[in-house]
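Residue numbers (our numbering): 11 to 513.
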């Protein structure tokens, strides 16, 4: 908390000389009193404004100053009360230098906190002279937008890496993995409830540099980021990479290692495309029968490898928790069954995992019965199946269970519904889930929890995801917010998160 106070005082932004000419609108969470980011205020003639990460809008519209102006108010997972005619909004008397606070009811179980990446995170607050927690609060690293995040603790800091990233100067940006570091809260970093102070790796033009420029056409994406100690006790940072060309074809996979001096990844080895097991998703370390493994969650952690850099390099050392016969492939799947005819789920090398999509195919092909399926995630209230697409899994001390944050594929918005689930072991059974974040025809994909930000022994957890119109069918991307990372907070003591422990 002390670090936050020091940073806040140091980062107070002097009021814009014209600040007194703005009308300040702040939208607050009715439960917490905190400013709510990403709230849309729309005038009768369809001028749209969006609150910044303080929940602030700096309003100064020629022709409307000095008038009463009606604003429709809406936000994903929040609800503004209706007036007598059924309109969700408020008429405000606009005056230069004036200020008003509106409260909005949160329907989401998780609380939206702030935007992590992109330009103008606190743009409106700067215009009206409000205090902000970040040093770089307008255009950090010249980054306007970044796709999906992976991160890990490495040598005492949080290392962050993203996918394709936009810049101001041209529509084509960084397609080879920008990166940054931040301090942990216990080491002078911001309270994660307030923000993340990112220090980007920069190129000679001040733009977030390429940290994984693997040879070959098309973007480079990374996943499976993990820090491991070698036999000499030296900590090293690894990631799986993939090379992608048009129509999302992955034509090369491999393993890369971070070079601290160059501040970028270097290829360790390519991995044959037909190899069924490789680094993927989000990682965690866990001991099973005395052996420590790296688990790869996508979102189900069904792939693992011993937590040793030499094993990480060797695809033959990986194993999957699967019902397929050892050596079988999904192109010609064969189910391993015990003497009673039941599918035998166990850890097997050289055999692919069966994720939600593959499991559905096996059921439709008559190779598995529905009640033989390992993955049976469902809405805890209705029993409706939840098709988990991507996410992360970590041990939670407060709940004494493994917790999953995952986005649903094909929900009320195609990739915009985020769910919370629990299990007694990393491989499940994952059965009961509760929706914690919803979106109205918008995506919020590849969510990731940050367990090193946990507060109150895991009662408070933090996660973020990519807010993007991509895949949603929405023709109107949200200014500033689109294609960026947004942080949420979840209180696991919320009674709405009570989940059954039985199948």
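Cβ coordinates follow ideal geometry from the N, Cα and C atoms, glycine included.
Using only alpha-carbon positions, find the residue among the options that is nearest to residue i.
i	options	result
residue 236	353, 488, 217 and 168	168
residue 45	335, 53, 141 and 127	141
residue 173	188, 293, 400 and 162	188
residue 291	256, 222 and 161	161
residue 216	107, 184, 53 and 195	184
residue 368	342, 179 and 48	342
residue 466	492, 203 and 275	203
residue 295	186, 346, 316 and 267	316
residue 268	228, 224, 241 and 229	224
residue 137	84, 397 and 34	34
residue 358	287, 30 and 397	287
residue 249	242, 103 and 221	221
residue 177	393, 127, 135 and 143	127
residue 451	65, 40 and 86	86
residue 468	410, 417 and 511	410
residue 31	344, 64, 38 and 71	71
residue 243	175, 192, 281 and 318	318
What is the C-beta distance between residue i and residue j, in whole angstroms, given that I count them as a contact (C-beta under 8 Å)?
i	j	result
residue 62	residue 131	7 Å
When burial is assigned at 16 or more other CB atoms within 10 Å of the CB, is residue i buried or exposed?
i	result
residue 497	buried
residue 313	buried
residue 427	buried
residue 77	exposed
residue 55	exposed
residue 9	There is simply no residue 9 to check, as the chain begins at 11 and stops at 513 in what is shown.
residue 260	exposed
residue 198	exposed
residue 129	buried
residue 514	Absent from the structure is residue 514, since the part of the chain shown begins at 11 and ends at 513.
residue 283	exposed
residue 492	buried
residue 48	buried
residue 219	buried
residue 230	buried
residue 179	exposed
Step through the CB atoms of chain C and report whether any lies within less than 8 Å of the CB of residue i.
i	result
residue 141	The displayed structure is made up of one protein chain only, and chain C is not part of it.
How many angstroms separate the CA atom of residue i from the CA atom of residue j?
i	j	result
residue 270	residue 309	29 Å
residue 92	residue 73	27 Å
residue 473	residue 443	16 Å
residue 211	residue 273	7 Å
residue 445	residue 111	29 Å
residue 145	residue 330	44 Å
residue 266	residue 207	26 Å
residue 413	residue 159	19 Å
residue 365	residue 391	24 Å
residue 311	residue 430	15 Å
residue 155	residue 486	16 Å
residue 453	residue 323	34 Å
residue 240	residue 113	53 Å
residue 517	residue 90	A question about residue 517 goes unanswered here, because the residues of the chain that appear run from 11 up to 513.
residue 449	residue 50	13 Å
residue 84	residue 479	17 Å
residue 195	residue 470	14 Å
residue 103	residue 67	15 Å
residue 228	residue 277	16 Å
residue 356	residue 350	16 Å
residue 420	residue 262	28 Å
residue 190	residue 490	20 Å
residue 502	residue 464	11 Å
Quick check: is any heavy atom of the ligand ZN less than 7 Å from the C-beta of residue i?
i	result
residue 294	In the structure shown, the ligand ZN is absent, as is every other ligand, since no ligand is present at all.
Given 8 Å, three or more beta-carbon pairs between the region 357-376 and the region 450-465 = no
query = Just checking, does the region 424-443 make contact with the region 385-396 on the three C-beta pairs under 8 Å criterion?
reply = yes
message = Assess contact between the region 331-344 and the region 297-308, defined as three or more Cβ pairs (one per stretch) separated by less than 8 Å. Is contact present?
response = no
ask   = Can you find at least 3 beta carbon pairs, one from the region 150-158 and one from the region 247-267, that sit closer than 8 Å?
value = no
message = I'd like to know if the region 488-497 and the region 391-407 are in contact, where contact means that at least 3 CB-CB pairs between them fall below 8 Å.
response = no
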